[in-house]
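Numbering (the UniProt record's numbering), first residue to last: 1 to 529.
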């Protein structure tokens, strides 16, 4: 039994763009994830964990702050989280925890790309005058890390006292990893990347840069580096009385798909099944039809990070390569768990696993991510393995949000919440003293692109309850309403169905109240809340 007089340690393991059903513990019969499956069987699993927003930067900021993007203000990719924002990691550090991050951060921009929609001069001036928070916002820029050998972060970095940074994706990441690779294995650094990759003409995804077979060996690939650095960090904690919070953040299985070595062809595209929703029947919502018509007319764009409509072969390739990346990560998680056990830290460490958002991977013939809130995109895995006895069930199908992670960790650590936190602690559900923490769950999305046939950049809000999903979009009269009990594949939009009129009205009212409930109520400037 763990020593209950000691404050618990925390090991938070994150993947990037991994949907919940791509784990054995969530019912996937093909992908091999024995270490995460064992973690789930020995711990607690949230079956309906949803993101605050299905976009990288804003949802990572929501995990850190326990606040919706509209509150922490990093509303979409390209808007950095304020360096003045309070994070739960800050609170743990002030309470005496040693705090460290190994892997991807993505709390700030990695590129200097301008916004993807036109910005008027007066808008830029207004932003400079009123909205740009003070602080250093070049800390994750790839060009800086590539050009300056001594470039580094300011510490503490959003509460983290030390960081081994591995930013971006595939084998083209930067940060401390690339600096280490160039110094210790310059010959490998020179052969990384798409243009040095092993030719794979049989893969459709390779033709437009969404996948390539890396020449970087498994042992030197970013996933292995992150695991090795995490193990070294755990060994440094051995025998110390100071509790720790360690976040281990893998950039995979995010596209471009580049699983190294044997993981590239561990799963054959011919052997994986298409998602059950791949062939969406008539009728379909306007934004999905827009994407499919662009593909039929040869106007689809497949080489950018934006979602696109895919073929059967492209979907099978993406799923197979995604599985390879996930199994690679699972093998390295086994290595990390072994190091935790070898350092005699297992009996007092809460191990958590989650992801920042999902990926369509063929759902409704879609690829990557975008402002269409199908379940594969918005539902992510969440596993909590606690050394203390948890009296409740080993899983729950109650509604949870990524904003709930911060208050749950703080409560388990015995550390007070900060003013303005919006998430709800999950511990009562884990312990069996409460069935759920909410009746409804809201998702926000502010997209940075003008896509899907909308006149301006896409903005939407979604409300989930135990049975229905409702989504409304800015600037249009139509919306989406799905009965997930009778229609789990989200084929039949009931927005205009008169029989569902009362449900639509009730959901709209609940969405309005939820949006009001989550307006920031802190008496301090929002960057300081």
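The C-beta atom is built at its ideal place from N, Cα and C for all residues, glycine as well.
Discussion item. In the DSSP output, what is residue 367 paired with across the bridge?
Written reply: Position 367 of the chain shown holds residue 367. According to DSSP, which records beta bridges pairwise, residue 367 is partnered with 308.
Discussion item. Under 8 Å: do the region 236-243 and the region 211-221 share three or more Cβ pairs, one atom per stretch?
Written reply: no
Practice prompt. Please work out which residues of its chain come closer than 6 Å, Cβ to Cβ, to residue 177, disregarding the five sequence neighbours upstream and downstream, and give them in chain order.
Written response: In the chain shown, the residue the question calls residue 177 occupies position 177. The residues are 166, 222, 225.
Worksheet entry | Cβ distance (whole Å) where residue 325 is taken to contact residue 257 below 8 Å | Position 325 of the chain shown, counted from the start, is the residue given in the question as residue 325. Position 257 of the chain shown, counted from the start, is the residue given in the question as residue 257. Contact flag correct, Cβ pair sits at about 6 Å.
Worksheet entry | Sequence ranges, alpha helix (DSSP H) only - wholly within the region 18-74, length at least 4 | 34-42, 56-65, 69-72
Worksheet item: So is residue 302 buried or exposed if we call it buried at 16+ other beta carbons inside 10 Å?
Response: Within the chain shown, numbered from 1, the residue matching residue 302 stands at position 302. The residue is buried, with at least 16 neighbouring Cβ atoms inside 10 Å.
Discussion item. Please classify residue 531 as buried or exposed, where buried requires at least 16 other C-beta atoms within 10 Å of its C-beta.
Written reply: Any answer about residue 531 is impossible in this case: the structure gives the chain only from 1 up to 529.
Worksheet entry | 7 Å Cβ shell around residue 27 - same chain, five flanking residues per side excluded | Locating residue 27 in the chain shown gives position 27, counting from the first residue. Once the five neighbours on either side are set aside, the close Cβ partners of residue 27 are 21.
Practice prompt. Have a look at 195, 49, 32, 452 and flag the residue whose alpha-carbon is nearest the alpha-carbon of residue 398.
Written response: For the purposes of this step, residue 398 is taken as the residue at position 398 of the chain shown. With distances taken between Cα atoms, residue 398 lies closest to 49.
Practice prompt. Measure the C-alpha to C-alpha separation of residue 401 and residue 186 and round it to an integer number of angstroms.
Written response: Along the chain shown, read from residue 1 onward, the residue named residue 401 stands at position 401. Along the chain shown, read from residue 1 onward, the residue named residue 186 stands at position 186. Their backbone Cα atoms lie some 42 Å apart in a straight line.
Worksheet item: Can you name the residues that DSSP bridges to residue 461?
Response: If you number the chain shown from 1, residue 461 lands on position 461. Paired residues: 444, 472.
Discussion item. Assuming contact is defined by CB atoms lying nearer than 8 Å, are residue 285 and residue 444 in contact in what I supplied?
Written reply: In the chain shown, the residue the question calls residue 285 occupies position 285. In the chain shown, the residue the question calls residue 444 occupies position 444. Their beta carbons are not under 8 Å apart, which means residue 285 does not touch residue 444 by this criterion.
Fill in: Identity of the residues DSSP links to residue 248 by a beta bridge
In the chain shown, residue 248 corresponds to position 248, counting from 1. In DSSP, residue 248 forms a bridge with 13, 102.
Worksheet item: What three-state label does DSSP hand residue 143 in the structure shown?
Response: Looking up residue 143 in the chain shown gives position 143. Three-state DSSP puts residue 143 in a helix.
Worksheet item: In terms of residue numbering, what span does the beta strand (DSSP E) encompassing residue 167 cover?
Response: Mapped onto the chain shown, residue 167 falls at position 167. Note, residue 167: beta strand (DSSP E), 162-167.
Item to complete: Evaluate the contact criterion for the region 254-269 versus the region 335-350: three or more CB pairs, one atom per stretch, below 8 Å.
Response: no
Discussion item. What would DSSP say about residue 501, mapped onto helix, strand or coil?
Written reply: Residue numbering aside, residue 501 sits at position 501 when the chain shown is read from its first letter. Three-state DSSP puts residue 501 in a helix.
Worksheet item: Hey, how far is the Cα of residue 147 from the Cα of residue 264?
Response: For the purposes of this step, residue 147 is taken as residue 147 along the chain shown, with counting starting at 1. For the purposes of this step, residue 264 is taken as residue 264 along the chain shown, with counting starting at 1. Near 31 Å, if we compare the C-alpha coordinates of residue 264 and residue 147.
Worksheet entry | Within 8 Å, strictly: CB atoms of residue 588 and residue 395 | This structure leaves residue 588 out entirely; the chain is present only between 1 and 529.
Fill in: the region 103-110 / the region 407-427 touching (three or more Cβ pairs under 8 Å)
no
Discussion item. Would you say the beta carbon of residue 521 is closer than 7 Å to some non-hydrogen atom of the ligand FAD?
Written reply: The model on display carries no ligand, and the ligand FAD is accordingly not part of it.
Worksheet entry | Selection from 455, 490, 450 that minimises the alpha carbon distance to residue 469 | Residue mapping note: residue 469 aligns to position 469 of the chain shown, counting from 1. Among 455, 490, 450, the Cα nearest to that of residue 469 belongs to 490.
Practice prompt. Can you have a look at residue 282 and say buried or exposed, based on whether 16 or more other CB atoms are within 10 angstroms of its CB?
Written response: Your numbering for residue 282 matches position 282 in the chain shown. Exposed, by the Cβ-count rule.
Practice prompt. List the endpoints of the continuous beta strand (DSSP E) containing residue 384.
Written response: Against the chain shown, residue 384 aligns to sequence position 384. Its beta strand (DSSP E) spans residues 382-385.
Item to complete: With DSSP as the reference, label residue 409 as helix, strand or coil.
Response: Translated into positions along the chain shown, residue 409 becomes position 409. Three-state result, residue 409: helix.
Practice prompt. Return the residue from the list 392, 457, 409 that minimises the CA-CA distance to residue 429.
Written response: Within the chain shown, numbered from 1, the residue matching residue 429 stands at position 429. The option with the nearest alpha carbon to residue 429 is 392.
Worksheet item: Under a Cβ-count criterion, where at least 16 other Cβ atoms within 10 Å of its own Cβ denotes burial, should residue 512 be classed as buried or exposed?
Response: Position 512 of the chain shown, counted from the start, is the residue given in the question as residue 512. Counting Cβ neighbours within 10 Å, residue 512 comes out exposed, since fewer than 16 surround it.
Practice prompt. Would you tell me roughly how many angstroms separate the C-alpha atoms of residue 159 and residue 89, rounded to the nearest one?
Written response: The sequence position of residue 159 within the chain shown is 159, counting from 1. The sequence position of residue 89 within the chain shown is 89, counting from 1. Cα to Cα, residue 159 sits roughly 5 Å from residue 89.
Worksheet item: For residue 517, which three-state DSSP category applies?
Response: The residue labelled residue 517 in the question sits at position 517 within the chain shown. Residue state, collapsed to three classes: helix.
Worksheet item: Looking only at its own chain, which residues have a Cβ that is under 7 Å from the Cβ of residue 87, when we skip the five neighbours before and after it?
Response: As a working note, residue 87 is residue 87 in the chain shown. So the qualifying residues of the chain are 64, 65, 158, 159.
Worksheet entry | Classification of residue 164 by the beta-carbon crowding that lies within 10 angstroms, buried from 16 upward | Within the chain shown, the letter at position 164 stands for residue 164. Residue 164 comes out buried.
Discussion item. Can you check which of these residues, 335, 352, 376, is closest to residue 405 by C-alpha distance?
Written reply: Locating residue 405 in the chain shown gives position 405, counting from the first residue. Nearest of 335, 352, 376 to residue 405, Cα basis: 352.
Worksheet item: Helix, strand or coil: which one does DSSP assign to residue 480?
Response: To locate residue 480, count along the chain shown from 1; it is residue 480. Three-state DSSP puts residue 480 in a strand.
Worksheet item: So is residue 41 buried or exposed if we call it buried at 16+ other beta carbons inside 10 Å?
Response: Your numbering for residue 41 matches position 41 in the chain shown. Flag for residue 41 reads exposed.
Worksheet entry | The alpha helix (DSSP H) enclosing residue 429, as first and last residue numbers | On the chain shown, residue 429 is found 429 positions in, with the first residue counted as 1. Its alpha helix (DSSP H) spans residues 427-431.
Worksheet item: Is residue 352 helix, strand or coil when you go by DSSP?
Response: Indexing the chain shown from 1 puts residue 352 at position 352. Residue state, collapsed to three classes: strand.
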